[in-house]
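When the sequence shown is numbered by numbering that gives the first Met the number 0, its final residue is 800 and no position is left out of the sequence of numbers.
Just so you know, even glycine gets a beta-carbon here, dropped at the ideal spot from N, CA and C.
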Amino acid sequence: MTLLHVAILSPFIFAILVPFLYKRFRNIHTGWFVLVLPILLFVYFVQFIDTTMNGDTISNTANWIPSLGINFTAYIDGLGLLFALLITGIGALVILYSIYYLSKEKEQLNNFYVYLLMFMGAMLGVVLSDNLIVLYTFWEFTSLSSFLLIGYWYKREKSRYGAQKSMLITIFGGLLMLGGFIMLYIMTNSFSIREIIEQVPEIAQHDLFVPALVLILFGAFTKSAQFPFYIWLPDAMEAPTPVSAYLHSATMVKAGIYLVARFSPVFSGEPEWFWIVSSFGIFTMFWGSFNAVKQTDLKGILAFSTVSQLGMIMSMLGVGSAALALDAIDDSYYTVATLAAVFHLINHATFKGSLFMVVGIIDHETGTRDIRKLGGLMSFMPITFTISIIGAFSMAGLPPFNGFLSKEMFFTSMIRVLEMDVFNLETLGILFPIIAWIGSIFTFIYSMVLVFKTFTGKYQPEKLEKKPHEAPFGMLISPIILASLVIIFFFFPNLLAYTIIEPAMASILPNLLNDGDHFHVHISQWHGPNLELYMTIGVISLGTIGYYLLRKWRGIYRIVPEKLTLNKGYDAALYQLDKSSFKLTRLYMTGFIRDYLAYIFTFFIIILGTTLVVKDGFSFSLDGTAPIGIYEAVLAVVMVIGTITVLFSKSRLTAIIALGSVGYSLSLFFVLFRAPDLALTQLCVETVSVALFLLCFYHLPEFKRKEKKLRFKLTNLLISLGVGTIVTLIALSANSQRVSDTIAKYFIENSYTLAGGKNMVNVILVDFRGFDTLFEITVLGIASLGIYGMIRLHVKKEEEG
Numbered sequence: 000m001t002l003l004h005v006a007i008l009s010p011f012i013f014a015i016l017v018p019f020l021y022k023r024f025r026n027i028h029t030g031w032f033v034l035v036l037p038i039l040l041f042v043y044f045v046q047f048i049d050t051t052m053n054g055d056t057i058s059n060t061a062n063w064i065p066s067l068g069i070n071f072t073a074y075i076d077g078l079g080l081l082f083a084l085l086i087t088g089i090g091a092l093v094i095l096y097s098i099y100y101l102s103k104e105k106e107q108l109n110n111f112y113v114y115l116l117m118f119m120g121a122m123l124g125v126v127l128s129d130n131l132i133v134l135y136t137f138w139e140f141t142s143l144s145s146f147l148l149i150g151y152w153y154k155r156e157k158s159r160y161g162a163q164k165s166m167l168i169t170i171f172g173g174l175l176m177l178g179g180f181i182m183l184y185i186m187t188n189s190f191s192i193r194e195i196i197e198q199v200p201e202i203a204q205h206d207l208f209v210p211a212l213v214l215i216l217f218g219a220f221t222k223s224a225q226f227p228f229y230i231w232l233p234d235a236m237e238a239p240t241p242v243s244a245y246l247h248s249a250t251m252v253k254a255g256i257y258l259v260a261r262f263s264p265v266f267s268g269e270p271e272w273f274w275i276v277s278s279f280g281i282f283t284m285f286w287g288s289f290n291a292v293k294q295t296d297l298k299g300i301l302a303f304s305t306v307s308q309l310g311m312i313m314s315m316l317g318v319g320s321a322a323l324a325l326d327a328i329d330d331s332y333y334t335v336a337t338l339a340a341v342f343h344l345i346n347h348a349t350f351k352g353s354l355f356m357v358v359g360i361i362d363h364e365t366g367t368r369d370i371r372k373l374g375g376l377m378s379f380m381p382i383t384f385t386i387s388i389i390g391a392f393s394m395a396g397l398p399p400f401n402g403f404l405s406k407e408m409f410f411t412s413m414i415r416v417l418e419m420d421v422f423n424l425e426t427l428g429i430l431f432p433i434i435a436w437i438g439s440i441f442t443f444i445y446s447m448v449l450v451f452k453t454f455t456g457k458y459q460p461e462k463l464e465k466k467p468h469e470a471p472f473g474m475l476i477s478p479i480i481l482a483s484l485v486i487i488f489f490f491f492p493n494l495l496a497y498t499i500i501e502p503a504m505a506s507i508l509p510n511l512l513n514d515g516d517h518f519h520v521h522i523s524q525w526h527g528p529n530l531e532l533y534m535t536i537g538v539i540s541l542g543t544i545g546y547y548l549l550r551k552w553r554g555i556y557r558i559v560p561e562k563l564t565l566n567k568g569y570d571a572a573l574y575q576l577d578k579s580s581f582k583l584t585r586l587y588m589t590g591f592i593r594d595y596l597a598y599i600f601t602f603f604i605i606i607l608g609t610t611l612v613v614k615d616g617f618s619f620s621l622d623g624t625a626p627i628g629i630y631e632a633v634l635a636v637v638m639v640i641g642t643i644t645v646l647f648s649k650s651r652l653t654a655i656i657a658l659g660s661v662g663y664s665l666s667l668f669f670v671l672f673r674a675p676d677l678a679l680t681q682l683c684v685e686t687v688s689v690a691l692f693l694l695c696f697y698h699l700p701e702f703k704r705k706e707k708k709l710r711f712k713l714t715n716l717l718i719s720l721g722v723g724t725i726v727t728l729i730a731l732s733a734n735s736q737r738v739s740d741t742i743a744k745y746f747i748e749n750s751y752t753l754a755g756g757k758n759m760v761n762v763i764l765v766d767f768r769g770f771d772t773l774f775e776i777t778v779l780g781i782a783s784l785g786i787y788g789m790i791r792l793h794v795k796k797e798e799e800g
């Protein structure tokens, strides 16, 4: 295991220490100890920037299950490094913020930081794993840890509901994604993403190629809250604000974005990939911004804005994938969508992270996030107001903030769709810039609502739980840093051009590059008067009008009844699932063992019988079998009579003798079959058993048999005959189709030389199968203790009357 593996697993390792630190240093906020780790990891990953800038990658493999092709291969390229820096950099700022947001006296900080570190490690594992199964393992860890983080305040019903909702939806998508991974393995015989990419020309026409594409997108869409799976994200806002700032602006919701970007080299150029990714993305962008305007909770606005921004990035990745389908490729022209996607991914993390922290400050200092109760806070919280202006205006796409640059590039990429002559874009392509422009108008409106409904207008102290005041400086450090990056990235956007953005683009669209080539990445603040600028002017003009006339047109949100929303559909489906599963469980959980045996044996008959028929598995051959003589027939009759006698005897002594006759008859079978050691063992066992029965005979309670008339049940007869028939057929077929030599020869040759015993049966039981025998004895011992306990309980009840 290398240092890179240790870096990925270090959050999990450190999480083990957190409870001890929390207990040992009660007077120190646990966050101070945790803060050290993401800072060190961020510094560690920064050193790889030079490597990825030069087009090189880092790959280290630790064997896990090599026989199945499953190894922990840690892989750093431009895309993985970008996400690793976001995960650790934003993680450090969030932990610093949480130190001042979460009280060490009131909160269970050990739980919080354990969950947060688990999530950080899981995200690093997702973005730095080359093996599909390892990636999936970490992927589900993100769902589990986010469930714990969202439900951190588990005493609140809404927190529990939001946590359950996020886990059900994301794990559902994750399981479908696993199906897509398995299909890729079937096509390529490899779990390595790099090896799969190399085989794309051979697998593109495979029957499983498109199903794998669709299943993988299910995983991406559920995690990145694309329509219609976005419904979990607004309810996840019940988590503490540091969780929202981390999971829902820079990490968890970006996992689906990462998945689409990572598999773009596999599926880009395919019409199915283009239309699914771009169309769902652009509609999600519009739908999220449209619904954000009607929210009255500040976190609700940010939740739907996150949905919208994720759709925006997803649509650009989809449009950028069309570059591979074009005959003539000018990378500076057709790859602008991918460039915009990567750039906005970074920008979104900066302005949305700062806005989440601002909302946390407002909630922390006023006691509410309801914009109907807020207003006039600008004079009380001037620094927070300034950060809000920077974050919200960047989100709205206004200069001089980084969001303006990536939003202009977004418009450019949507306009370029009209010039592509693939995938029927010459007709349907017009929808992309139209929807993008309309969605941007709503984005402008909710951004203005977020700022001006909170900080301007009438101050309403009677509606606030606390008297507002500026947050402590420690709580302001993280959002100030992020807000500063928003401005820095506007004035100096090319700081990221060839250090971060271009290597990430090379990972997303490697098929467009020859060895040693690079994408031309140059980001400018001004391109002159062009269509994109006019679209921005239209967004600002109509957005301003829409904001001031919000009360006039807000009634459109009441057109669709609340009961027809996706959330209501989810609740109804969950209720019906719970109700149906309860009915089904009551149907087969009857409390009677005979019913359970009937179910088990019925499935036994159906599955094994069907397998025998489908696989043509039945075979009957007498080759190598001994003839049946008169002695064997007589002994068989005696054993049958003895068994029936045990069942119907009215005397315990008769039952013991009849049972002994069955055992002794079996030992005679061994004599006839020339197995004296088995016969001797069986005789000893039967003698000891009968002797023990007779020794206990005096102490056994009186033998009472209740006369009860048994009713004939055709079902029981059919099941018993079916099981007997299936077992007999399997036994005959197994004996008739020997595919290898019997193991008996091995024991005959090695019992004495390896184990030093001439009694082969004893040697097998004691030496070759010693652990099996030990466990069998253990099971029998536990069963005997259970029987003894039940007898004692029964006797005690009788004594008590």
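In summary, Asn529 is exposed, with fewer than 16 beta-carbon neighbours lying within 10 Å of its beta-carbon over all protein chains present. In this structure, Val670 sits away from Met638, with a CB-CB distance that is not shorter than 9 angstroms. Pairing Ile94 with Met419, the inter-Cα distance amounts to about 45 angstroms. The beta carbon of Phe403 is closer than 6 angstroms to those of Gly396, Leu397 in its chain, skipping five residues each way along the sequence. Three or more pairs of CB atoms, one per stretch, sit closer than 8 angstroms, so the region 378 to 392 contacts the region 353 to 364. The count of Cβ pairs closer than 8 angstroms, one atom from the region 201 to 214 and one from the region 181 to 188, reaches three, so the stretches are in contact. With contact defined as three or more Cβ pairs closer than 8 angstroms, the region 186 to 203 and the region 272 to 289 are not in contact.
The three-state secondary structure of Asp771, taken from DSSP, is helix.
DSSP, read as helix, strand or coil, puts Asn423 in coil. In the same chain as Gln198, and ignoring 5 residues on each side of it, the C-beta atoms closer than 8 angstroms to its own belong to Met186, Thr187, Ser189, in chain order. The alpha-carbon of Thr601 is positioned some 16 angstroms away from that of Ile729. Under the 8 angstroms Cβ criterion, the region 367 to 377 does not count as touching the region 339 to 346, having fewer than three qualifying pairs.
The continuous alpha helix (DSSP H) containing Trp552 extends over residues 549 to 552. When the five nearest sequence neighbours on each side are left out, the beta carbons in the same chain lying within less than 6 angstroms of the beta carbon of Pro399 are those of Phe489, in order along the chain. Only exposed fits Val687, as fewer than 16 other CB atoms lie within 10 angstroms of its CB. Contact check for Ser102 and Phe118: beta-carbon distance about 21 angstroms, past the 8 angstroms limit, so the pair fails to qualify. Fewer than three Cβ pairs drawn from the region 53 to 63 and the region 16 to 36 lie within less than 8 angstroms of each other, which leaves the two stretches out of contact. The region 248 to 258 and the region 215 to 224 touch, with no fewer than 3 CB-CB distances between them shorter than 8 angstroms.
Sequence-distant partners of Glu139 (beyond 5 residues in either direction) whose C-beta falls short of 7 angstroms from its own C-beta, in its chain, are Ile170, Gly173. Counting the other CB atoms within 10 Å of its CB gives Trp272 a total of 16 or more, which places it among the buried residues. In the three-state reduction of the DSSP assignment, Tyr74 falls in the strand class, which pools E and B. Following the DSSP letters along the chain, one finds Thr453 inside the alpha helix (DSSP H) bounded by residues 430 to 454. Leu115 is positioned such that its CB atom lies no closer than 9 angstroms to that of Tyr21. Cβ contact annotation for Gln736 (same chain, cutoff 7 angstroms, sequence separation greater than five): Ser618, in chain order.
Exclusion of the five residues before and after Leu207 leaves Met182, Ile185, Met186 as the residues of its chain whose Cβ lies within less than 7 angstroms of its Cβ. In the structure shown, Ser378 adopts coil according to DSSP, grouped into three states. DSSP links Ala61 through a beta bridge to Phe71. For Asp516, no pairing in a beta bridge is given by DSSP. In this structure, DSSP gives Asn130 an extended state, which the three-state scheme calls strand. Here the alpha carbons of Tyr153 and Lys466 stand approximately 28 angstroms from one another.
Annotated three-state conformation of Asp594 is helix, per DSSP. Glu799 and Tyr787 have their alpha carbons spaced roughly 18 angstroms apart. Pairing Val306 with Leu232 gives a Cβ-Cβ distance under 9 angstroms.
The alpha carbon of Asp615 has as its nearest neighbour, out of Gly280, Ala219, Ser732, Met315, the alpha carbon of Ser732. With 16 or more neighbouring CB atoms inside 10 Å of its own CB, Tyr100 falls in the buried class. Taking a C-beta distance under 9 angstroms as the contact criterion, Phe47 and Thr87 do not qualify as a contact pair.
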